[in-house]
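Input: a single structure, listed below in structure tokens.
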Amino acid sequence: KNPTYRQVCSGSTGHVEVLNVELSNPDAHFDELIRFFFKFHDPTTRDRQGNDVGSQYGSIIFVSDDEQERRARAVMADLQDALYGKKMKNPFFGTKIETGVVRANEFYEAHEEHQEYLAKNPNGYCNHYIRFKDWPIN
4 KNPTYRQVCS
14 GSTGHVEVLN
24 VELSNPDAHF
34 DELIRFFFKF
44 HDPTTRDRQG
54 NDVGSQYGSI
64 IFVSDDEQER
74 RARAVMADLQ
84 DALYGKKMKN
94 PFFGTKIETG
104 VVRANEFYEA
114 HEEHQEYLAK
124 NPNGYCNHYI
134 RFKDWPIN
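Residue numbers for the sequence shown, in the working numbering: 4 to 141.
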């Protein structure tokens with residue numbers, strides 16, 4: 004079922020607010036996309052991003068097959084090692100990554116008022132920003 008925004012916000016549907024990205028060449032760019040995902044949000048909190056709290060704000064990577072899952076988990080493991088090993092200067096030192104990796108299922112587009120939100124609301128709240136400039140693993 005295509006849930007309403009209110010239903011998703013209630014936490015009763017199990018849906019998560021996500022960005023749907025389609026790559027023209029997933030084999031060449033998948034790891035880069037996963038690294039960018041980790042750079043622009045907080046992967047260390049479950050069901051929270053900044054001031055936004057609730058199951059719809061979970062940190063999740065949706066994958067289409069076993070190979071993408073393996074690659075996503077490998078990137079995540081490298082980042083986790085860097086966080087535990089303090090190989091980068093970042094407020095996430097020593098914290099555990101809470102990001103889930105699950106098989107993609109049906110995707111529902113957000114309702115029109117939520118499309119291009121910041122373009123429509125230039126002063127709107129956004130907690131996503133680059134958390135660290137360079138990828139911490141050489």
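For each residue, glycine too, the CB sits at the ideal point set by N, CA and C. Being a predicted model, the structure only gives us computed values, none of them experimental.
Item                                                                                                                                                : Value
Expressed to the nearest angstrom, what Euclidean distance is found between the alpha-carbon atoms of R106 and I37?                                 : 15 Å
Quick one: using the 10 Å Cβ neighbour count with 16 as the cut-off for buried, is T7 buried or exposed?                                            : exposed
Can V78 and D34 be called in contact, C-beta distance under 8 Å?                                                                                    : yes
Grab me the residues of G57's own chain with a C-beta within less than 7 Å of its C-beta, minus the 5 sequence neighbours each way, in chain order. : C12, G14 and D50
Have a look at the DSSP bridge pairing and note the partners of I37.                                                                                : DSSP output for I37 lists no bridge partner at all.
Note down the Cα distance separating A80 from R73, rounded to an integer number of angstroms.                                                       : 10 Å
I need the straight-line Cα distance from K123 to E70, nearest angstrom please.                                                                     : 37 Å
Identify which residue in L22, V104 and G103 has its Cα closest to the Cα of N131.                                                                  : With the sequence shown as reference, residue 131 is identified as His, and Asn is not the correct amino acid for it. Nearest C-alpha to H131: L22.
Nearest-angstrom Cα distance between F43 and R134?                                                                                                  : 6 Å
With DSSP as the reference, label D50 as helix, strand or coil.                                                                                     : coil
Applying the 10 Å Cβ sphere with the 16-neighbour rule, what's the burial state of P125?                                                            : exposed
First and last residue of the beta strand (DSSP E) that includes V66?                                                                               : I63 to V66
Kindly indicate the opening and closing residues of the beta strand (DSSP E) around R134.                                                           : That residue, R134, is in no beta strand (DSSP E); it is neither H nor E in DSSP.
For D55, name the three-state secondary structure that DSSP assigns.                                                                                : strand
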